[in-house]
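Input: a single structure, listed below in structure tokens.
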Ligand SMILES: [Mn+2]
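In the numbering used here, the protein residues as written are 1487 to 1724.
Right, dumping it as structure tokens:
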């Protein structure tokens, strides 16, 4: 079976693993995490190191990993040349990341050895912006933020990273009729208090960002039967 979750944002890694186990997830299943495991919370790098070792857990790029990746110059050894190369543009990219919750990730990276840091950046370079999965007759597009500048006749490969990483669809936005688009990025409570801590289902898309960035427990959705898993003891269990 195929499970999806999103926007863990450094949520306590051990707690997440327990939660995943509680859903019945096994080696025979697949889990897709739809971006933004890093930043804000302190455990983001633990997720990336774990993801690199899994054969049935797949990662899709989030805007926070894209910001991290744009700072890959941090891996360079500090030489006179690299310092001269640290221009205003790089400072601005780095500052933007830090002000978006990146400090927690930078602190965690500082504790890793150089090879591990390089491996993490290599892993992110290989991370896709979207995946398509099928369950029986049903098709799903999995991506981080939805399909920005959506057009029915637009091919998926024509969407820009900005479309897939930074869009915030309104509640009445329609995507493909025959494919369900699943994403996160915008915590569901932004669409109304009634969605707080829960996935949001519309006719053509599902948002599964329960709001871990705001301290709310994440949810996991099983696409085969659309079962939503809530963390035990979570205030949102229903
Ligand atoms: Mn995001």
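Beta carbons: idealized from backbone N, C-alpha and C, even for Gly. If you're wondering where the values come from, they're calculated on a predicted model, not measured in any experiment.
Residue 1566 CB to nearest chain B CB: under 9 Å? In summary, chain B is missing from the structure at hand, where a single protein chain is found.
Does at least one heavy atom of ligand 1 sit under 8 Å from the Cβ of residue 1620? For this step, residue 1620 is matched to residue 134 along the chain shown. Checking every heavy atom of ligand 1 against the Cβ of residue 1620, none is found closer than 8 Å.
Which one or two residues does DSSP pair with residue 1693 in a beta bridge? Here the question's residue 1693 lines up with position 207 in the chain shown. BP columns for residue 1693 point to 1669, 1686.
Does the Cβ-Cβ distance between residue 1521 and residue 1551 come in under 9 Å? Along the chain shown, read from residue 1 onward, the residue named residue 1521 stands at position 35. Along the chain shown, read from residue 1 onward, the residue named residue 1551 stands at position 65. Result yes, Cβ atoms of residue 1521 and residue 1551 sit closer than 9 Å.
Assign residue 1684 to buried or exposed, taking buried as 16 or more other Cβ atoms, counted over all protein chains shown, within 10 Å of its Cβ. As a first step, residue 1684 is located in the chain shown; it is residue number 198 there, counting from the start. Buried.
Taking the straight line between their C-alpha atoms, what separation do you get for residue 1688 and residue 1638? The residue given as residue 1688 occupies position 202 in the chain shown. The residue given as residue 1638 occupies position 152 in the chain shown. Taking the straight line from one Cα to the other gives about 17 Å.
Starting from the C-beta of residue 1621, find all residues in its chain whose C-beta is less than 7 Å away, skip the five residues before and the five after it, and write them out in chain order. Residue numbering aside, residue 1621 sits at position 135 when the chain shown is read from its first letter. Taken in chain order, the residues that qualify are 1488, 1709, 1710.
Within a Cβ cutoff of 7 Å, which residues of the same chain sit near residue 1681, ignoring the five residues on either side of it in sequence? Position 195 of the chain shown, counted from the first residue, corresponds to residue 1681. Result list for residue 1681: 1674, 1675, in chain order.
Just the residues with CB closer than 5 Å to a heavy atom of ligand 1, in chain order, which are they? 1522, 1548, 1549, 1671
Residue of 1535, 1563, 1593 minimising C-alpha distance to residue 1610: Position 124 of the chain shown holds residue 1610. Check the Cα spacing between residue 1610 and each of 1535, 1563, 1593: the tightest is with 1535.
Would you identify the three-state DSSP class for residue 1591, choosing helix, strand or coil? Along the chain shown, one-based indexing puts residue 1591 at 105. It is helical.
For the structure I just gave you, are there three or more beta carbon pairs, one from the stretch 1694-1713 and one from the stretch 1615-1632, closer than 8 Å? yes
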